[in-house]
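Chemist: Residue numbers (our numbering): 236 to 603.
Would you mind keeping the following structure in view while I ask a few things?
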């Protein structure tokens, strides 16, 4: 059995000429499992023994042998469609499945169940589900304030609830213990990276989306990839971006957004969160400064939510921290407006070191 412990980082296409191509079809979740036995499409058994934290990418070459080579191929991802009967049921179903982060799909007219077969595929809360989409998505409201609120909401299924971006390490190390410490951490995060890097990238992506510049989007994505040296932070941005693109591509019909989403699903570009958020803004007509504000606000909400789970703080404490962050968010948003891709910068060494040390913690509540 072939044991894979170090995938090939760079393989010249010429070196694969004439070799038999074998593939390993894995879902996104399966590509995170670094240690297990798998069978390739052509029946070869291989053992994955990758370093902790490794994530296989679509198109990555795992094995190159004299007669054959093995390439990672993305498997179809599961999709659910939810068909609530009324508003109250919609809220119950949203609460139940909200943490799954599926690719949403809905149809205003087609329902795969009749009223006499409600028990088939029914959720415990009364909502009904299908494993595949049954039709085109319901058009989303294009009113900028409403759509902006939806994408910036703490319940938006980007997967951000699973990340603390270094806060968990600070708490375990005893360096953040109270609301004042949480407020200081959030200020450092906003001023050091989320504001000068991510918020500016949101504004740049929004402009690229309005102009339909695919090459510019891919270049911005590469820049964001290079500016996130901490593996956990980089993967968090990819995950949140991918989920945001999936939702936006389902709810809107923006050609550039769909093109970028398809490239991300194929593993050809990382799909970082600021890029995805900005492209959603271009599809939905958000003003640049409002988009930057919404992005920074949602980031702050994410970190406050993490703090409430890590520390004995009350909801009122969390609201005070959010309120205190508002002037900083307003200033950073104004500064981000009108800047270009060459203006991105990031300097948060303490938070980055915390992110690296977080991966070595014995017990972790968050993925970053």
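Think of the CB as a built atom: it goes at the ideal place given N, C-alpha and C, for glycine as much as any other residue.
Can you check whether the CB of residue 492 is closer than 8 Å to the CB of residue 484?
Modeler: yes
Chemist: Who does residue 304 pair with in a DSSP beta bridge?
Modeler: Residue 304 pairs with 256, 299.
Chemist: Please report whether the beta-carbon of residue 459 lies at a distance below 8 Å from any beta-carbon of chain C.
Modeler: No chain C appears in the structure shown, which is made up of a single protein chain.
Chemist: Can you pull the DSSP bridge partners for residue 239?
Modeler: 283
Chemist: Tell me where the alpha helix (DSSP H) around residue 475 begins and ends.
Modeler: 466-486
Chemist: Assuming residue 534 is part of the alpha helix (DSSP H), what are its boundary residues?
Modeler: 523-545
Chemist: Rounded to the nearest angstrom, what separates residue 590 and residue 548 at their Cα positions?
Modeler: 23 Å
Chemist: Does the segment 514-533 come close enough to the segment 429-445 to have 3 or more Cβ pairs within less than 8 Å?
Modeler: yes
Chemist: Do residue 556 and residue 464 have their CB atoms nearer than 8 Å?
Modeler: no
Chemist: Given that a residue counts as buried once 16 or more other Cβ atoms are within 10 Å of its Cβ, and exposed if not, what is residue 486?
Modeler: buried
Chemist: Within the same chain, show all residues whose beta-carbon is closer than 8 Å to that of residue 276, passing over the 5 residues directly before and after it, in chain order.
Modeler: 257, 258, 259, 260, 308
Chemist: Could you check whether residue 495 and residue 477 sit closer than 8 Å to each other, using their CB atoms as the reference points?
Modeler: In this structure, residue 495 does not lie closer than 8 Å to residue 477 by Cβ.
Chemist: Would you decide whether residue 480 is buried or exposed? Buried here means 16 or more other CB atoms lie within 10 Å of its CB.
Modeler: Buried: at least 16 other Cβ atoms inside 10 Å.
Chemist: Mind reading off the beta-carbon distance from residue 237 to residue 299? Whole number of angstroms is fine, and I expect it under 8 Å.
Modeler: No, residue 237 and residue 299 are not in contact; Cβ-Cβ is about 11 Å, not under 8 Å.
Chemist: With DSSP as the reference, label residue 272 as helix, strand or coil.
Modeler: strand
Chemist: Can you tell me whether residue 582 is buried or exposed, with buried defined as 16 or more other CB within 10 angstroms of its CB?
Modeler: Residue 582 counts as exposed, since fewer than 16 other beta carbons sit within 10 angstroms of its beta carbon.
Chemist: Since residue 391 and residue 402 are thought to touch, with beta carbons under 8 Å apart, how far apart are those beta carbons, to the nearest angstrom?
Modeler: That belief does not hold up - the Cβ atoms of residue 391 and residue 402 are roughly 20 Å apart, past 8 Å.
Chemist: Relative to the C-alpha of residue 292, which candidate in 281, 449, 506, 252 has its C-alpha closest?
Modeler: 506
Chemist: With a threshold of 16 other CB atoms inside 10 Å of the CB of residue 343, please say whether the residue is buried or exposed.
Modeler: Low confidence applies here, because residue 343 scores a pLDDT of 40, under 50, leaving its location unreliable and the question unanswered by this model.
Chemist: Quick one, are the C-beta atoms of residue 508 and residue 472 less than 8 Å apart?
Modeler: Yes, the pair counts as a contact, with Cβ atoms nearer than the cut-off.
Chemist: Would residue 597 be called buried (16 or more neighbouring beta carbons within 10 Å of its own) or exposed?
Modeler: Exposed is the call here.
Chemist: What are the boundary residues of the alpha helix (DSSP H) that includes residue 407?
Modeler: 402-407
Chemist: At what residues does the alpha helix (DSSP H) containing residue 436 begin and finish?
Modeler: 435-446
Chemist: Could you say which of 459, 541, 538, 539 lies nearest to residue 511 if we only look at CA atoms?
Modeler: Of 459, 541, 538, 539, the residue nearest in Cα terms is 459.
Chemist: Would you decide whether residue 538 is buried or exposed? Buried here means 16 or more other CB atoms lie within 10 Å of its CB.
Modeler: buried
Chemist: Report the option in 431, 447, 536, 502 whose CA atom is closest to the CA atom of residue 566.
Modeler: Answer by Cα proximity: 431.
Chemist: Using the beta-carbon count (16 or more within 10 Å), is residue 399 buried or exposed?
Modeler: Around the beta-carbon of residue 399, 16 or more other beta-carbon atoms lie within 10 Å, marking it buried.
Chemist: By Cβ distance, which residues of its chain are closer than 7 Å to residue 418, with the 5 residues on each side in sequence left out?
Modeler: 556, 559
Chemist: For residue 343, which three-state DSSP category applies?
Modeler: Residue placement at residue 343 is poorly supported in this model, since its pLDDT is 40, which falls under 50; the coordinates still yield a value, given next. Residue 343: coil per DSSP, three-state reduction.
Chemist: Taking DSSP as the reference, what is the three-state secondary structure of residue 431?
Modeler: In this structure, residue 431 counts as helix in the three-state DSSP scheme.
Chemist: How should residue 513 be labelled, buried or exposed, when 16 other C-beta atoms within 10 angstroms of its C-beta is the threshold for buried?
Modeler: A residue is called buried when at least 16 other Cβ atoms come within 10 angstroms of its Cβ; residue 513 meets this threshold and is buried.
Chemist: Could you check what DSSP says for residue 597 in three-state terms: helix, strand or coil?
Modeler: coil
Chemist: Bridge partners for residue 309 per DSSP, in chain order?
Modeler: 261
Chemist: In three-state terms, what does DSSP make of residue 375?
Modeler: Unreliable placement is indicated for residue 375, whose pLDDT of 46 sits below 50; no coordinate value is reported for it.
Chemist: Can you check which of these residues, 384, 397, 389, 468, is closest to residue 584 by C-alpha distance?
Modeler: 468
Chemist: For residue 241, which residues from the same chain have a beta carbon less than 7 Å from its beta carbon, with the 5 sequence-adjacent residues on both sides left out?
Modeler: none
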